[in-house]
């Protein structure tokens, strides 16, 4: 026989969407993600979408802001525009690889297009590339893939 306490806990579980999380699980549930893009529309839409899935989202509109956020907040994933003002993606990835605190942070590049002969060294420095325009669901899948990768060095 089910008691009223058990019935209450069952109904509480039914109110949570399938595979979802409760509001009290929100804080610190998912790692911080830095979205560095000079276009407000891209940055805002990516941030809002990731926030819906309870990621802690940090934003930067140029390279200087991105470096400040990285030093202050230590994100676990960085989404950056290929040609970010003041620090393009290749320089950011190079800077990250030279610092022992940041060399493990994976970088996903958001690019309008890549030339077929893109430098192999650059491609080895980044965890992934998303070609604009991309679906937000694809971005989320790429972030999850990168976070599951055991060895990012």
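In the numbering used here, the protein residues as written are 1456 to 1608. Don't be surprised by glycine CBs; every beta carbon is placed ideally from N, CA and C.
Residue i: first and last residue of the uninterrupted beta strand (DSSP E) it sits in
{"i": "residue 1541", "result": "Premise fails: residue 1541 is in no beta strand (DSSP E) and is neither H nor E."}
{"i": "residue 1567", "result": "Element bounds for residue 1567: n/a, residue is neither H nor E."}
{"i": "residue 1511", "result": "1511 to 1515"}
Test item: CB-CB of residue i and residue j under 8 Å
{"i": "residue 1624", "j": "residue 1504", "result": "The question about residue 1624 has no answer, for the chain in this structure spans 1456 to 1608."}
{"i": "residue 1595", "j": "residue 1531", "result": "no"}
{"i": "residue 1565", "j": "residue 1497", "result": "yes"}
{"i": "residue 1516", "j": "residue 1502", "result": "no"}
{"i": "residue 1528", "j": "residue 1487", "result": "yes"}
{"i": "residue 1521", "j": "residue 1491", "result": "yes"}
{"i": "residue 1563", "j": "residue 1597", "result": "yes"}
{"i": "residue 1414", "j": "residue 1553", "result": "Residue coverage of the chain in this structure runs from 1456 to 1608, which leaves residue 1414 outside it and unanswerable."}
{"i": "residue 1547", "j": "residue 1558", "result": "no"}
Buried/exposed call for residue i, threshold 16 Cβ in 10 Å
{"i": "residue 1545", "result": "buried"}
{"i": "residue 1518", "result": "buried"}
{"i": "residue 1582", "result": "buried"}
{"i": "residue 1524", "result": "buried"}
{"i": "residue 1599", "result": "exposed"}
DSSP state of residue i mapped onto helix, strand, coil
{"i": "residue 1521", "result": "helix"}
{"i": "residue 1581", "result": "coil"}
{"i": "residue 1548", "result": "helix"}
{"i": "residue 1527", "result": "helix"}
Span of the alpha helix (DSSP H), counted from its first residue to its last, around residue i
{"i": "residue 1485", "result": "No alpha helix (DSSP H) holds residue 1485; DSSP gives it neither H nor E."}
{"i": "residue 1598", "result": "1591 to 1603"}
{"i": "residue 1499", "result": "1495 to 1507"}
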